[in-house]
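Chemist: As they're listed, the protein sequences go chains A and B.
According to UniProt numbering, the first sequence holds residues 1 to 464 in order.
According to UniProt numbering, the second sequence holds residues 1 to 464 in order.
Just so it is clear, CB atoms sit at the ideal spot from N, CA and C, and this is done for glycine as well.
Shown below is the structure under consideration.
There are 2 protein chains.
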Amino acid sequence: MKDIEIRELFRNREEYAGKEIVVRGWVRGNRASNQFGFISLNDGTFFTPLQVVYEASKIDNYEEISKVHLAAGVMVKGVLELTPGAQQPFELKATEVTVEADSLSDYPLQKKRHTMEYLREIAHLRPRSNTFSAVFRVRSIVAYAIHKFFQERDYVYVHAPIITGSDAEGAGEMFRVTTLDLSNPPTNEDGSIDYSQDFFGKETNLTVSGQLEGEAMALAFRNIYTFGPTFRAENSNTARHASEFWMIEPEIAFADLADDMDVAEDMVKYIISYTLEHAPEEMEFFNKFVDKGLLDRLHHIVNSDFERVTYTEAVEILKKADKDFQFPVEWGIDLQTEHERYLTEEVFKKPIFVIDYPKEIKAFYMRLNDDGKTVAACDLLVPGVGEIIGGSQREERLDILEARMDEIGMNRELYDWYVDLRRYGGVKHAGYGLGFERMIMYLTGMSNIRDVVPFPRTPKNAEF
Amino acid sequence: MKDIEIRELFRNREEYAGKEIVVRGWVRGNRASNQFGFISLNDGTFFTPLQVVYEASKIDNYEEISKVHLAAGVMVKGVLELTPGAQQPFELKATEVTVEADSLSDYPLQKKRHTMEYLREIAHLRPRSNTFSAVFRVRSIVAYAIHKFFQERDYVYVHAPIITGSDAEGAGEMFRVTTLDLSNPPTNEDGSIDYSQDFFGKETNLTVSGQLEGEAMALAFRNIYTFGPTFRAENSNTARHASEFWMIEPEIAFADLADDMDVAEDMVKYIISYTLEHAPEEMEFFNKFVDKGLLDRLHHIVNSDFERVTYTEAVEILKKADKDFQFPVEWGIDLQTEHERYLTEEVFKKPIFVIDYPKEIKAFYMRLNDDGKTVAACDLLVPGVGEIIGGSQREERLDILEARMDEIGMNRELYDWYVDLRRYGGVKHAGYGLGFERMIMYLTGMSNIRDVVPFPRTPKNAEF
Chain A
1 MKDIEIRELF RNREEYAGKE IVVRGWVRGN RASNQFGFIS LNDGTFFTPL
51 QVVYEASKID NYEEISKVHL AAGVMVKGVL ELTPGAQQPF ELKATEVTVE
101 ADSLSDYPLQ KKRHTMEYLR EIAHLRPRSN TFSAVFRVRS IVAYAIHKFF
151 QERDYVYVHA PIITGSDAEG AGEMFRVTTL DLSNPPTNED GSIDYSQDFF
201 GKETNLTVSG QLEGEAMALA FRNIYTFGPT FRAENSNTAR HASEFWMIEP
251 EIAFADLADD MDVAEDMVKY IISYTLEHAP EEMEFFNKFV DKGLLDRLHH
301 IVNSDFERVT YTEAVEILKK ADKDFQFPVE WGIDLQTEHE RYLTEEVFKK
351 PIFVIDYPKE IKAFYMRLND DGKTVAACDL LVPGVGEIIG GSQREERLDI
401 LEARMDEIGM NRELYDWYVD LRRYGGVKHA GYGLGFERMI MYLTGMSNIR
451 DVVPFPRTPK NAEF
Chain B
1 MKDIEIRELF RNREEYAGKE IVVRGWVRGN RASNQFGFIS LNDGTFFTPL
51 QVVYEASKID NYEEISKVHL AAGVMVKGVL ELTPGAQQPF ELKATEVTVE
101 ADSLSDYPLQ KKRHTMEYLR EIAHLRPRSN TFSAVFRVRS IVAYAIHKFF
151 QERDYVYVHA PIITGSDAEG AGEMFRVTTL DLSNPPTNED GSIDYSQDFF
201 GKETNLTVSG QLEGEAMALA FRNIYTFGPT FRAENSNTAR HASEFWMIEP
251 EIAFADLADD MDVAEDMVKY IISYTLEHAP EEMEFFNKFV DKGLLDRLHH
301 IVNSDFERVT YTEAVEILKK ADKDFQFPVE WGIDLQTEHE RYLTEEVFKK
351 PIFVIDYPKE IKAFYMRLND DGKTVAACDL LVPGVGEIIG GSQREERLDI
401 LEARMDEIGM NRELYDWYVD LRRYGGVKHA GYGLGFERMI MYLTGMSNIR
451 DVVPFPRTPK NAEF
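Structure follows, in structure tokens:
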């Protein structure tokens, strides 16, 4: 008899009511008296466990089952009985229970509250807890929502390279990728390392962004997006930084900054709506146990028109604010999280795009505005978190781009292919980057990035 | 006036017939007489270009447009006229043509046949050619088909870690990831490198497979899949090996090898059907210009029941074969491509799973069969390519797994978390790996892996 997934029982209960079925799953709870017992059974396909009732008079291994350990894998045959009015909508009256894989009694995930720190140490088992089961299912659903959003709009999904020979000007510290023997690396005559003998014949690193390659693809396909891992070798031990994280980077051609923000706004709303619809049990759980205002906040965002305000206006608002900021505000500074949250939470009370930042604090590829001192950049700030998206219109004018690269001393030769894109039909284009983990934190209310990645990588930590 | 994507024109032509519209795109071809000219316009959203007709009597910059370079980005306003019976189904009669971004005359992608080798050198421009436009759109569609297949079946998408501290027993050579100064690395007293000072406090590498982490997730969620980049630091300069490639690794719990093969077979058929349906123009192109039997072969696969044959039977067949193999066949050898192709192409004439391989030639985690000498592994062989999927039921028995790890001298401490999965509810489970690029090669008929990756990484090559 083929087993039925517990998700299917919850979604189509009427179909199985009164019928004999087989389920398989893991024991999340087990308590028994002399005559009957209850197993809380979870097979991983659904957030809520199935209640199994077994009776001494009905199964011949009652003694064994009443002592079965947490986490054991069992098969249960029985009849599904609807229980209207009870806490759970139905229960399975067992006629047969078989242990398929027992569990040792020292199971590290006993039924009690554990600290998040402890759970990180058992990252291979924590997805079996309520919180992490909910987090990682939502992570999966959000990833799919992102693909669905772009594919339905005929964007081409691009795998940007992970190993790169470029030095990613300004985007952050990089990890080196090498096959050289560190104890005895080949050297040049001047004593420097001879990277021509390395695997790729030159210095290579892990990518910090797929944007530049994305631009090449957008100037062929018009609309593209990347979705892949990116890396930062920064020694930041904060709740919001990981050394390895996933990014989504759409790039659109024949488009300016306003078009770019339209796509970003639509995407954020789409992701939220899709997740609320496809993970209702998990989102309810987060709202109840992780972040009490979560659902209200998300619904509010879906129903808001995102505001657009220039950096210069934002600085004026902050300077006039009756608020003691830790970092003083002056035109030209990089906005800090305290400023961003004040703007989005207290002033506008909804998501805002801040646009047209001073060119000095933004990347070389952002398009210079007519004022000569700001660039067509946009950061999306949302209540409760701050920045989740950073984007820009790209500098498509060959002479201005080259001048800017020289100004900050970039190696033009290394980027000649990128400059080529401006030589041959380099129409206006724009794009943005969304940090996937930031989005998951935002959607779940989880406050530490280590708790939204299955096996997180942070300074001094690459376990599992 | 908002521009309309060329894909939309081709898909819903009736809606636009006789209407004035605006399109934007790049010039793929331009020829003009004294009185009228034709631009072949491609905006990247559709394989087939739009034919634009412009006349000296209708636009005031006829002279300029007639000389516009290949690859220039232009805006065209005009009326769409259906042309039944003509080569193209419609054309756009221009009333206005504006150059939005010109192109230099030395455009490296002139309208002529280029060698694949040359095109690899201009990987930033080659997606603008017919072949690579088709390849990379199909790549995107296949990626989505894979997500859709698993998500519709409620599999949880898992991002396995890219940077790993494990040594991936047996799966191949790895790239080191480090932030140590190679010119002057810290050393221990005995002169060896002191990796405790490296970024993660120990030696780390790029992953060769997400399977072990996938197993942890499957034993929480029942059904999961990974889809991410994996790496091999092997100095293989073949048409089928890349240093960086993407893999899909589903893992299913409460499942054995037969279940595993069922999923693999369904997935392969789903991917093919989805691609044929969603990229008909591209698939037609491949069938015509890249691989003449392609469509027949793919349709045949969708309609076949995949055969299942044991390794032992396969060896018997090969030994009896009236065929001169380069590598002689004996029970215990690893099957070579020549053997695999003979079996799938000449004997069975359809896809076959070869199962139950000698344990010595397979990985430590594969489940030992009752005969004590083979393991529950499966390789899927397909006509025209050979192996595209490798999978197995995993060894879920604690004692047998530990004995096997000791037998081949593995570091048990490093894998203690993996062994834990057998201590706490380690039910039977199985999984497989699909090389994404191999699948794309199979679907497009492209014969070199460098030509199905946007920016390929191979020994001595990490350009762009």
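#1: Thinking just about the alpha-carbon of each residue, which of B:ARG13, B:PHE10, B:PRO49 and B:TYR16 is nearest to the one in residue 466 (chain B)?
#2: Find out if the Cβ-Cβ distance for the pair ILE162 (chain A), THR207 (chain A) is shorter than 8 Å.
#3: Using a Cβ cut-off of 7 Å, pull out every chain A residue sitting near PHE327 (chain B), in sequence order please.
#4: Report yes if the C-beta distance between VAL375 (chain A) and LEU368 (chain A) is below 8 Å; otherwise report no.
#5: Determine the DSSP secondary structure at residue 470 (chain A), reduced to helix, strand or coil.
#6: Rounded to the nearest angstrom, what separates PHE231 (chain B) and ALA160 (chain B) at their Cα positions?
#7: Please confirm whether residue 471 (chain B) has its beta-carbon closer than 8 Å to some beta-carbon of chain A.
#8: Counting only beta-carbon atoms, is LEU92 (chain B) nearer than 8 Å to chain A?
#9: DSSP puts THR444 (chain A) in a beta bridge; with which residues?
#10: At which residues does the alpha helix (DSSP H) containing THR275 (chain B) begin and terminate?
#11: At which residues does the beta strand (DSSP E) containing ASP356 (chain B) begin and terminate?
#12: Closest by CA to LYS112 (chain A), which one among A:LEU421, A:TYR144 and A:LEU70?
#13: When DSSP builds the beta bridges, which residues end up paired with ILE146 (chain B)?
#14: State the Cα-Cα distance for the pair LYS359 (chain A) and GLY332 (chain A), rounded to the nearest angstrom.
#15: Could you tell me which whole beta strand (DSSP E) segments of length 3 or greater appear in the region 156-234 of chain B?
#16: When you compare only the Cα positions, how much space is there between GLY433 (chain B) and GLU346 (chain A)?
#17: Between PRO161 (chain B) and chain A, is any beta-carbon pair separated by less than 8 Å?
#18: Taking the straight line between their C-alpha atoms, what separation do you get for ALA253 (chain B) and MET75 (chain A)?
#19: Take MET267 (chain A) as the anchor and find which of A:ASP356, A:GLY431 and A:LYS362 has the nearest alpha-carbon.
#20: Using 10 angstroms around the beta-carbon of ARG128 (chain B), count the other beta-carbons present and answer buried if the total reaches 16, otherwise exposed.
#21: Indicate whether at least one CB of chain B lies closer than 8 Å to the CB of GLN336 (chain A).
#22: Verify the CB distance criterion: does TYR424 (chain A) have a CB-CB separation below 8 Å to chain B?
#23: Does the Cβ-Cβ distance between ALA462 (chain A) and PHE175 (chain B) come in under 8 Å?
#24: With LEU257 (chain A) and SER392 (chain A) assumed to form a contact (beta carbons below 8 Å), what rounded beta-carbon distance in angstroms separates them?
#25: Hey, is the region 219-238 of chain B in contact with the region 37-56 of chain A, meaning 3+ C-beta pairs nearer than 8 Å?
#26: Going along chain A, which residues have a C-beta under 7 Å from LEU50 (chain B)?
#27: Give the DSSP-derived three-state secondary structure of PRO127 (chain A) in the structure shown.
#28: Judging by CA-CA distance, which residue of B:GLN151, B:HIS278, B:GLU100 and B:LEU212 is the nearest neighbour of ALA363 (chain B)?
#29: DSSP has GLU387 (chain A) in a bridge; who is on the other side?
#30: Are three or more beta carbon pairs between the region 48-65 of chain B and the region 85-105 of chain B nearer than 8 Å?
#31: Tell me the rounded alpha-carbon separation between ALA134 (chain A) and PHE436 (chain A).
#32: Can you confirm whether LYS359 (chain B), when its beta carbon is compared against all beta carbons of chain A, has any partner nearer than 8 Å?
#33: Run through the region 69-129 of chain B for me and flag every whole alpha helix (DSSP H) of 4 or more residues, listed as ranges in chain order.
#34: Hey, would you say the C-beta of GLY384 (chain B) is under 7 Å away from at least one heavy atom of the ligand SAH?
#35: State yes or no: is the beta carbon of GLN211 (chain A) nearer than 8 Å to at least one beta carbon in chain B?
#36: Please list the partners that TYR157 (chain B) has in chain A, where partner means a Cβ-to-Cβ separation under 7 Å.
Modeler: A quick look at the data gives this:
#1: Outside the displayed span of chain B (1 to 464) sits residue 466 (chain B), for which this structure offers no information.
#2: yes
#3: The premise fails here: PHE327 (chain B) is roughly 29 Å from chain A at the closest Cβ pair, so nothing lies under 7 Å.
#4: yes
#5: Here chain A has residues from 1 to 464 only, and residue 470 (chain A) is not among them.
#6: 13 Å
#7: Because residue 471 (chain B) is not part of the residues shown, which for chain B are 1 to 464, the question remains open.
#8: no
#9: None; THR444 (chain A) has no bridge partner.
#10: 257-278
#11: 352-358
#12: A:LEU70
#13: None, per the DSSP bridge assignment.
#14: 9 Å
#15: 156-158, 176-178, 204-206 and 223-231
#16: 50 Å
#17: yes
#18: 13 Å
#19: A:GLY431
#20: buried
#21: no
#22: yes
#23: no
#24: 7 Å
#25: yes
#26: What LEU50 (chain B) touches in chain A: nothing, since even the nearest Cβ is about 13 Å away.
#27: helix
#28: B:LEU212
#29: A:LEU381
#30: yes
#31: 16 Å
#32: no
#33: 116-121
#34: Annotation note on the ligand SAH: not contained in the displayed structure, which lists no ligands.
#35: no
#36: SER140, ALA143 and TYR144
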